[in-house]
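To start, the structure under review is shown below, and the notes come after it.
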Amino acid sequence: MKIAVSRKEHFNAAHRLYNPSWSDEKNDVIFGKCNNPNYHGHNYELIVTLVGEPDPETGYVYDMKVLSEIIKAHVLVHFDHKNLNLDIPYFKNLNPTAENIAVVIWRILRQQIDNQYELKVKLYETERNFVEYPAH
Ligand code: NI
4 MKIAVSRKEH
14 FNAAHRLYNP
24 SWSDEKNDVI
34 FGKCNNPNYH
44 GHNYELIVTL
54 VGEPDPETGY
64 VYDMKVLSEI
74 IKAHVLVHFD
84 HKNLNLDIPY
94 FKNLNPTAEN
104 IAVVIWRILR
114 QQIDNQYELK
124 VKLYETERNF
134 VEYPAH
């Protein structure tokens, strides 16, 4: 009996999307406002989902307090109120799109969550734009 449980967290961060191997004009065409050289911010909503069997003694799949603490200690402390391009080494050579941010967060959390749980990350960059990793 597998059940998915989710914890929602929040962070603000600045970024700039650009490909250094392209011209300024091409970066403008592809990335538009997200190419602003002086960066811009988003209010990100992060939903972390674990899939597993409920423990017979607690009825919990996972203790949400523990999951929240793990997200805070390993993700939010590095991402919240930061410039993703400048402050986070993962994005030194990786464009900080919502897609890439979700994958980076998934990799960080995968090291903290026992492999008996399936792990999924959903990241809202705006209310209308969001990504999920893995895709299924
Ligand atoms: Ni943006």
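For the sequence shown, the positions run 4 to 139 when the working numbering is used. Think of the CB as a built atom: it goes at the ideal place given N, C-alpha and C, for glycine as much as any other residue.
{"Item": "Using a threshold of 8 Å, state whether the C-beta atoms of residue 55 and residue 69 are closer than that.", "Value": "no"}
{"Item": "What residues are listed by DSSP as bridge partners for residue 45?", "Value": "16"}
{"Item": "Pick out the complete alpha helix (DSSP H) segments inside the stretch 39-95, 4 residues or longer, and give them in chain order.", "Value": "67-74 and 87-90"}
{"Item": "For the beta strand (DSSP E) holding residue 97, just list the boundary residues, first then last.", "Value": "Segment: none, residue 97 is in no beta strand (DSSP E) and carries neither H nor E."}
{"Item": "Whose CA, out of 26, 139 and 50, lies closest to the CA of residue 75?", "Value": "50"}
{"Item": "How many Å lie between residue 113 and residue 133 at the Cα?", "Value": "20 Å"}
{"Item": "Would you say residue 86 and residue 17 are within 8 Å of each other, going by their C-beta atoms?", "Value": "yes"}
{"Item": "In three-state DSSP terms, what is residue 10?", "Value": "strand"}
{"Item": "Who are the near neighbours of residue 121 in its chain, counting only those whose CB is closer than 6 Å to its CB and skipping five residues on each side?", "Value": "54"}
{"Item": "Does the beta-carbon distance from residue 79 to residue 14 come in below 8 Å?", "Value": "yes"}
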